[in-house]
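Asker:
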Amino acid sequence: MLSNYYLYSSHRLIPLHLQFFYKGSKKHNNTIDFFSGCAVFIGFAAFIFFLTLLDDLEDLADHAFEIIMFVIIAVVTIAAVFTKKAKLHSSRLEIKDNSLRVKKDLMVLMSKVQLDVYKQNATFIRYHLYDMEGKIAIFSAFEDDLLRYFEANYSERTQVFQVQKTSGRESVSYVYAGPRLLSYNLSTGKYAISDNEQLTLSKVPEFYSYDGKYKAGQKFQ
126 MLSNYYLYSS HRLIPLHLQF FYKGSKKHNN TIDFFSGCAV FIGFAAFIFF LTLLDDLEDL
186 ADHAFEIIMF VIIAVVTIAA VFTKKAKLHS SRLEIKDNSL RVKKDLMVLM SKVQLDVYKQ
246 NATFIRYHLY DMEGKIAIFS AFEDDLLRYF EANYSERTQV FQVQKTSGRE SVSYVYAGPR
306 LLSYNLSTGK YAISDNEQLT LSKVPEFYSY DGKYKAGQKF Q
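First residue of the sequence shown: 126, per the numbering used here; consecutive thereafter.
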């Protein structure tokens, strides 16, 4: 009976069917695109109204600086709205038949999943779980059951890096670990990995999550 639910591998018992529940914050900035779109619309309406107040081309020249600044802000805002983004996931994950599943529409074989753990001395800093095809990306500054499960059962797919420093601005984080640099954007899900200043991987995954504090659920019977 036991073999129906566990995979024997190198003297380990790996559950064939397990679920991890998302316990992180549900309050993500999902409304950024909506408000950015509104800002673009209001900005263009205000600009058109501004142009109607000008009497001639000489007035236009007198306000050249304001017009240039508006165009720059508009371009930056529009670029942010239409930047490719991954789908933010904040519900359970499932491991079934040796694959990691996000709901029912996305599946990645566990053999293709990579776990990078970042530590400073012996202190955990964060982890990055991803696959080379760019389907998933999980970033977390918390040790959770998903991390512990993967470390215990897929040590051959786990790498540990020693962190020199971390930094960040807005929603972008940087992790410096010797020759390796990991950068990731919590607004878009995009991440990049460089080794010795050479870009080795850059992806906008289909799905991402961060700080999920995943909690293992009961194995299905």
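Using N, Cα and C, we set each Cβ at its ideal position, and we do this for glycine too. These figures come from a predicted structure and were not determined experimentally.
1) For the beta strand (DSSP E) containing D241, name the first residue and the last one.
2) Could you give the distance in angstroms between the alpha-carbon of Q144 and the alpha-carbon of S224?
3) Give the secondary structure of L271 by DSSP, where H, G and I count as helix, E and B as strand, and everything else as coil.
4) Grouping DSSP H, G and I as helix and E and B as strand, with all else coil, what is S280?
5) Which residues bound the beta strand (DSSP E) around V300?
6) Can you tell me where the beta strand (DSSP E) with V288 in it begins and where it stops?
7) How far does the beta strand (DSSP E) with H253 in it reach, from first residue to last?
8) Whole angstroms is fine: what's the gap from G149's alpha carbon to V227's?
9) Please report how far the alpha carbon of F146 lies from the alpha carbon of D270, in whole angstroms.
10) Determine the direct distance from the alpha carbon of D241 to that of T283, and round the result to whole angstroms.
11) CB I220 to CB Y333, shorter than 9 Å?
12) Specify, as a first and last residue, the run of the beta strand (DSSP E) that D320 falls within.
13) Report the rounded CA-to-CA distance for E322 versus K237, giving the unit in angstroms.
14) With H, G and I counted as helix, E and B as strand and the rest as coil, what does DSSP make of H214?
15) Relative to the alpha-carbon of K212, which residue among S312, V233 and M232 has its alpha-carbon at the smallest distance?
16) Taking the beta carbon of N155 as the centre, do at least 16 other beta carbons fall within 10 Å, making it buried, or is it exposed?
17) Quick check: what's the CA-CA separation for I157 versus V288?
18) Got a sec, what are the start and stop residues for the beta strand (DSSP E) A262 sits in?
19) In or out: L234 buried (at least 16 other Cβ within 10 Å) or exposed?
20) With 16 as the cutoff for other CB atoms within 10 Å, does G303 come out buried or exposed?
21) Please look up how many angstroms separate the CB atoms of Y335 and L218, rounded, as I've assumed it's under 8 Å.
22) Name the two residues that bound the continuous beta strand (DSSP E) containing K328.
23) Is V300 near R251, with beta carbons less than 9 Å apart?
Answerer: Once the coordinates are examined:
1) Taking the sequence shown and counting its residues from 1, the one referred to as residue 241 is at position 116. Taken as a continuous stretch (DSSP letters only), the beta strand (DSSP E) holding D241 covers V238 to Q245.
2) Along the sequence shown, read from residue 1 onward, the residue named residue 144 stands at position 19. Along the sequence shown, read from residue 1 onward, the residue named residue 224 stands at position 99. Going from the Cα of Q144 to the Cα of S224 covers about 11 Å.
3) In the sequence shown, residue 271 corresponds to position 146, counting from 1. Three-state result, L271: helix.
4) On the sequence shown, residue 280 is found 155 positions in, with the first residue counted as 1. It is helical.
5) In the sequence shown, residue 300 corresponds to position 175, counting from 1. Residues V297 to A302.
6) Position 163 of the sequence shown, counted from the start, is the residue given in the question as residue 288. Here V288 belongs to no beta strand (DSSP E), and DSSP marks it neither H nor E.
7) Here the question's residue 253 lines up with position 128 in the sequence shown. Element bounds for H253: T248 to D256.
8) Numbered from 1 along the sequence shown, position 24 holds the residue referred to as residue 149. Numbered from 1 along the sequence shown, position 102 holds the residue referred to as residue 227. Each residue's alpha carbon lies about 16 Å from the other.
9) Here residue 146 corresponds to residue number 21 of the sequence shown, with the count starting at 1. Here residue 270 corresponds to residue number 145 of the sequence shown, with the count starting at 1. The straight-line gap from Cα to Cα measures roughly 9 Å.
10) Locating residue 283 in the sequence shown gives position 158, where the first residue counts as 1. Locating residue 241 in the sequence shown gives position 116, where the first residue counts as 1. Each residue's alpha carbon lies about 6 Å from the other.
11) The residue you call residue 220 lines up with position 95 of the sequence shown. The residue you call residue 333 lines up with position 208 of the sequence shown. Result no, Cβ atoms of I220 and Y333 do not sit closer than 9 Å.
12) For this step, residue 320 is matched to residue 195 along the sequence shown. Taken as a continuous stretch (DSSP letters only), the beta strand (DSSP E) holding D320 covers Y316 to D320.
13) Stepping through the sequence shown from its first residue, residue 322 is reached at position 197. Stepping through the sequence shown from its first residue, residue 237 is reached at position 112. Cα-Cα distance, rounded: 25 Å.
14) Against the sequence shown, residue 214 aligns to sequence position 89. For H214, the secondary structure class from DSSP, reduced to helix, strand or coil, is coil.
15) Here the question's residue 212 lines up with position 87 in the sequence shown. Nearest of S312, V233 and M232 to K212, Cα basis: S312.
16) As a working mapping, residue 155 is identified with position 30 in the sequence shown. Caution applies to N155, whose pLDDT of 47 falls short of 50 and renders its modelled position unreliable; the value that the coordinates give is listed next. When all chains shown are included, N155 counts as exposed.
17) Residue 157 sits at position 32 when you count from the first residue of the sequence shown. Residue 288 sits at position 163 when you count from the first residue of the sequence shown. Here I157 scores only 48 on pLDDT, less than 50, and its place in the model should not be relied on; the value that follows carries that caveat. Those two C-alpha atoms are separated by around 31 Å.
18) The residue labelled residue 262 in the question sits at position 137 within the sequence shown. In this chain, the beta strand (DSSP E) harbouring A262 covers I261 to S265.
19) The sequence position of residue 234 within the sequence shown is 109, counting from 1. Exposed, because fewer than 16 other Cβ atoms sit within 10 Å of the Cβ of L234.
20) Numbered from its first residue, the sequence shown carries residue 303 at position 178. Taking all protein chains in view, the Cβ of G303 is surrounded by fewer than 16 other Cβ atoms within 10 Å, so the residue is classified as exposed.
21) As a working mapping, residue 335 is identified with position 210 in the sequence shown. As a working mapping, residue 218 is identified with position 93 in the sequence shown. In fact, because the Cβ distance is near 13 Å, the residues do not count as touching under 8 Å.
22) Position 203 of the sequence shown, counting from 1, holds the residue named residue 328. Note, K328: beta strand (DSSP E), Q323 to K328.
23) Translated into the one-based positions of the sequence shown, residue 300 becomes position 175. Translated into the one-based positions of the sequence shown, residue 251 becomes position 126. Yes, Cβ-Cβ distance for V300 and R251 is below 9 Å.
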